[in-house]
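See below for the structure under consideration.
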Amino acid sequence: IPPGGTRKVETVVRAKNRGGKDLVVYVQALDTAITTHQLPIRYFESSAMAAAFPASTARLRELTPESLHVVEAWPGRAPVGIMCFEYTRTTVGAYGEIGVCWPVVDAKRRPPPILPLVFDRRWPGLGWWVHRLPVTTEIANHAGRTLWGYPKFVASIEFDWRDDTRICTLAEGGQDILRLSVDTRMP
-4 IPPGGTRKVE TVVRAKNRGG KDLVVYVQAL DTAITTHQLP IRYFESSAMA AAFPASTARL
56 RELTPESLHV VEAWPGRAPV GIMCFEYTRT TVGAYGEIGV CWPVVDAKRR PPPILPLVFD
116 RRWPGLGWWV HRLPVTTEIA NHAGRTLWGY PKFVASIEFD WRDDTRICTL AEGGQDILRL
176 SVDTRMP
């Protein structure tokens, strides 16, 4: 494998179940110049924090593929979610990740405000458009980009505690990009 290269390796394992019937199990592995990891990646210990903020629907439409409709919370404003994940124990090692996303519908017509978010089962095309997904390790970046097509990039993500406040800071090239603080005390 060339430096920075990746290949997906699939192995077919044949076995029999208790009733004697044949089973076929597919095992995938992510083989990179860095190392080989069996898929799926397993997560054993992690923490997360999230917040949503109103944003201009017009601006979000500029950043969203034309085939998708941004779901508004109210006319002219849509929620932007910021999710911070600290994966402390996984099969690919510890890493941090921050998702910046907003709700969208894959439908012929633009949906009415808020209804798809409240009645999500009635909107089968409801999902979240992932705009950015920075991570802290090259293996998480490479796997996310090549296997799943996510808009990942490697950046500095730090998690910290200040009294009862959990803080997540995203930086790249020494410049802070985002800081999310969440009070963890229960009301």
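In the working numbering, the protein residues as written are -4 to 182.
Virtual Cβ for every residue (Gly too), placed ideally from N, Cα, C.
Source: prediction; values computed, not measured.
In this structure, D155 lies away from D178, with their beta-carbon atoms at least 8 Å apart. Annotation for A43: no alpha helix (DSSP H) segment contains it, though the beta strand (DSSP E) segment containing it runs Y38 to S51.
Membership of G76 in the beta strand (DSSP E) is indicated by the continuous run R72 to T85. Residues P108 of the same chain have their beta carbon placed closer than 7 Å to that of P70, with the five preceding and five following residues left out of the count. Of all C-beta pairs linking the region 112 to 121 to the region 41 to 53, fewer than three are shorter than 8 Å, placing the two stretches out of contact. Taking D171 as the centre and dropping the five residues before and after it, the same chain places the C-beta of T164 and L165 closer than 8 Å to its C-beta, in chain order. Every alpha helix (DSSP H) of 4 residues or more that sits fully in the region 107 to 175 is shown, in chain order, as 110 to 113 and 133 to 143. Distances from the CA of V75 to each of W123, T131, V87 and L142 were compared; the closest alpha carbon is that of W123. The distance from the Cβ of V87 to that of I134 is about 5 Å, consistent with a contact at the 8 Å cut-off. E57 sits in a helix when the DSSP states are folded into three classes. Taking C-beta separations shorter than 7 Å and ignoring five residues to either side along the sequence, the partners of F148 in its chain run P129 and N136, following chain order.
Between D101 and the set I93, V95 and W118, the nearest pair of CA atoms involves W118.
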